[in-house]
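Participant: Protein chains in written order, with the numbering used here: chain A, -14 to 252; chain B, 74 to 358.
The structure's right below; bear with me while I get my questions together.
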Ligand SMILES: Nc1ncnc2c1ncn2[C@@H]1O[C@H](COP(=O)(O)OP(=O)(O)OP(=O)(O)O)[C@@H](O)[C@H]1O
Ligand SMILES: [Mg+2]
């Protein structure tokens, strides 16, 4: 049930994508997101979709796993789709239902936006699926380093983020366990009015918060006991290196973006 | 109630690179009123198995009959099954949430739709059974109790539902020997009083050997062997092979046998061992 949420999880593997430098993956993801918004027409999708498909195929993360992570946002997607579909007017009228009309422009925008959103989500989740939290932290910290001079606590930010990522699966697992235990005591999370269902969350949320605080406490203590001190002069076990793999990936990304830009200029 | 499990298989994270076959073609039967011990290593599938019995987990394949009703069938009301099959999870203290002990124990019975008076009676009974003084503990917050006391509150919360089958997943894990003994004694008393089925999960045979009618040994997701303690005793070499913790007395007797001294009867507990050794010594003199 709740374990289906794949947000921020890592999918163990040893593929080409898994072994890329995390800094490159972070930048490529950001570039890709920007690229999604400079797309102009359906031909631009050829570039972005094939790039995404290549990443998915090479990473060997099963499609079912990726799609499972999309489930929680189906509702949001459906809403944006419908709002765009009915609200944007322009071009030929395709469907007329009295007070609601669907126009050509509305349909196109709705499809455009929905696919963009889906691609955005898939690609950003590919980043966490293929990058160990620790590598992600190292990558972010390394990328934020230049901003240290203006007082950005790069190390602390990266550490906080990696701890948060690290605990998403743990908390989901915990939620799953608590839900099961309360189900066994006859709790009912699915039926009844909204108020009743909201009340039904109390037996889950209270134990969950208590255990989250306990965990945070224990983690802080364990880190202190091992003399953790953030900030300067920390060395790391795996230093980041740019390899031939990263070069190939960079070239591929640049080609995709260049194709998009050229196409846009030609239009 | 009788429980019959046929060819049960369960796979976690099916279809992913890290899928685990936690149960593999498990079949077993548990008779009405039986007190059963389920033992096995860590990761052998004990918790997964018992979570199927009240429909919390759905099997990949296989059937589960409770009093001849197949609960894997569509349209079976699982809430009814859960009223009759009580399940105390491993480390149940983490599920407490109310602001008083009394309210927390009442959560299950209230969900069953019982009247407030009936719930009150049941809370009193359950607290007495697990050895929590009502006057002292009823109004206290469960979060300020000790680990062992929290455990008792959680167990009372399930007992108060008066299930016909009570399943306990390692109820004594992490408790000191005294609390451990208290809980085992409480189970024996409960079984004698209510004649409900009890399924006691443990990774240690010593816990269960003395008190159960039947032992089921799980190993790597399969039923490794099942039978009365005496029957299991006969297979002790196989059990030692898979590295299961067996009762001290049993190990001792095996050492004696290795030296050519044979005892006729099954020895599982310390008391039996003492008796048999006395008999041996008497024979020698
Ligand atoms: N929620 C889950 N998701 C994925 N795998 C799981 C899950 N729960 C259990 N497993 C796996 O299934 C197998 C059986 O686990 P199970 O919890 O049933 O063992 P157990 O016999 O209860 O062990 P223990 O004595 O440690 O409680 C293990 O290999 C475990 O890693
Ligand atoms: Mg277990």
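Glycine included, each C-beta is placed from N, C-alpha and C at the ideal position.
So is residue 321 (chain B) buried or exposed if we call it buried at 16+ other beta carbons inside 10 Å?
Facilitator: Exposed, since its Cβ has fewer than 16 Cβ neighbours within 10 Å.
Participant: In whole angstroms, what is the alpha-carbon distance linking residue 220 (chain A) and residue 9 (chain A)?
Facilitator: Their backbone Cα atoms lie some 21 Å apart in a straight line.
Participant: I think residue 317 (chain B) touches residue 343 (chain B), with their Cβ atoms under 8 Å apart; what is that distance to the nearest whole Å?
Facilitator: About 19 Å; that fails the 8 Å criterion.
Participant: Between B:88, B:104, B:152, which has its C-alpha nearest residue 285 (chain B)'s C-alpha?
Facilitator: Among B:88, B:104, B:152, the Cα nearest to that of residue 285 (chain B) is on B:104.
Participant: Using 8 Å as the cut-off, can you tell me whether the stretch 143 to 157 of chain B makes contact with the stretch 154 to 163 of chain A, which would need three or more C-beta pairs spanning the two stretches below that distance?
Facilitator: They do not touch, by the three-pair rule.
Participant: Closest by CA to residue 66 (chain A), which one among A:93, A:183, A:213, A:218?
Facilitator: The candidate whose alpha carbon is nearest that of residue 66 (chain A) is A:93.
Participant: Does residue 154 (chain B) have its Cβ less than 8 Å from a Cβ in chain A?
Facilitator: With 8 Å as the cut-off, residue 154 (chain B) does not count as an interface residue toward chain A.
Participant: Just to confirm, is the Cβ distance from residue 137 (chain B) to residue 125 (chain B) under 8 Å?
Facilitator: Yes, the pair counts as a contact, with Cβ atoms nearer than the cut-off.
Participant: Provide the residue span of the alpha helix (DSSP H) that contains residue 304 (chain B), from first to last.
Facilitator: Start and end: 302 to 307.
Participant: Measure the beta-carbon distance from residue 244 (chain B) to residue 161 (chain B) and round it to whole angstroms, keeping in mind my assumption that it falls under 8 Å.
Facilitator: The Cβ separation is near 6 Å, so the contact holds.
Participant: Indicate whether residue 169 (chain B) and residue 226 (chain B) have their beta-carbon atoms separated by less than 8 Å.
Facilitator: Yes, Cβ-Cβ distance for residue 169 (chain B) and residue 226 (chain B) is below 8 Å.
Participant: With a threshold of 7 Å (Cβ to nearest heavy atom), would residue 117 (chain B) be considered close to ligand 1?
Facilitator: Residue 117 (chain B): yes, Cβ under 7 Å from ligand 1.
Participant: Anyone know if the C-beta pair for residue 186 (chain B) and residue 234 (chain B) falls short of 8 Å?
Facilitator: Their beta carbons are not under 8 Å apart, which means residue 186 (chain B) does not touch residue 234 (chain B) by this criterion.
Participant: Which same chain residues, not among the five before or five after residue 25 (chain A), have their C-beta less than 8 Å away from its C-beta?
Facilitator: So the qualifying residues of the chain are 248, 249, 252.
Participant: At which residues does the beta strand (DSSP E) containing residue 196 (chain B) begin and terminate?
Facilitator: Element bounds for residue 196 (chain B): not the beta strand (DSSP E) but the alpha helix (DSSP H), 189 to 203.
Participant: Look at residue 54 (chain A) and residue 110 (chain A) and say whether their C-beta atoms are less than 8 Å apart.
Facilitator: Taking 8 Å as the Cβ cut-off, residue 54 (chain A) and residue 110 (chain A) qualify as a contacting pair.
Participant: Shorter than 8 Å from the beta carbon of residue 174 (chain A) to some beta carbon of chain B?
Facilitator: False, the Cβ-Cβ gap to chain B never drops below 8 Å.
Participant: Give the secondary structure of residue 100 (chain A) by DSSP, where H, G and I count as helix, E and B as strand, and everything else as coil.
Facilitator: DSSP places residue 100 (chain A) in helix when its eight states are reduced to three.
Participant: Do residue 321 (chain B) and ligand 2 come close, with the Cβ less than 7 Å from some heavy atom?
Facilitator: Checking every heavy atom of ligand 2 against the Cβ of residue 321 (chain B), none is found closer than 7 Å.
Participant: Got a sec: is the Cβ-Cβ distance from residue 165 (chain B) to anything in chain A below 8 Å?
Facilitator: True, the Cβ-Cβ gap to chain A drops below 8 Å.
Participant: For residue 345 (chain B), count the other beta carbons within 10 Å of its own beta carbon; 16 or more makes it buried, fewer makes it exposed. Which is it?
Facilitator: Buried is the call here.
Participant: Enumerated in chain order, which unbroken segments of the beta strand (DSSP E) with a length of 3 residues or greater are wholly contained in the stretch 78 to 131 of chain B?
Facilitator: 93 to 103, 108 to 113, all fully within the stretch 78 to 131 of chain B.
Participant: Where does the unbroken beta strand (DSSP E) through residue 287 (chain B) begin, and where does it stop?
Facilitator: Where residue 287 (chain B) is concerned, the enclosing beta strand (DSSP E) stretches over 287 to 292.
Participant: Give every residue of the same chain whose Cβ lies closer than 8 Å to the Cβ of residue 73 (chain A), excluding the five residues on either side of it in the sequence, and list them in chain order.
Facilitator: Here the set comprises 88, 90, 91, 94, 95.
Participant: I want to check one thing, is the minimum distance from the CB of residue 86 (chain B) to the heavy atoms of ligand 1 below 7 Å?
Facilitator: Residue 86 (chain B): yes, Cβ under 7 Å from ligand 1.
Participant: Verify the contact flag: residue 133 (chain B), CB atom, against every heavy atom of ligand 1, threshold strictly below 7 Å.
Facilitator: For ligand 1, not one heavy atom lies less than 7 Å from the Cβ of residue 133 (chain B).
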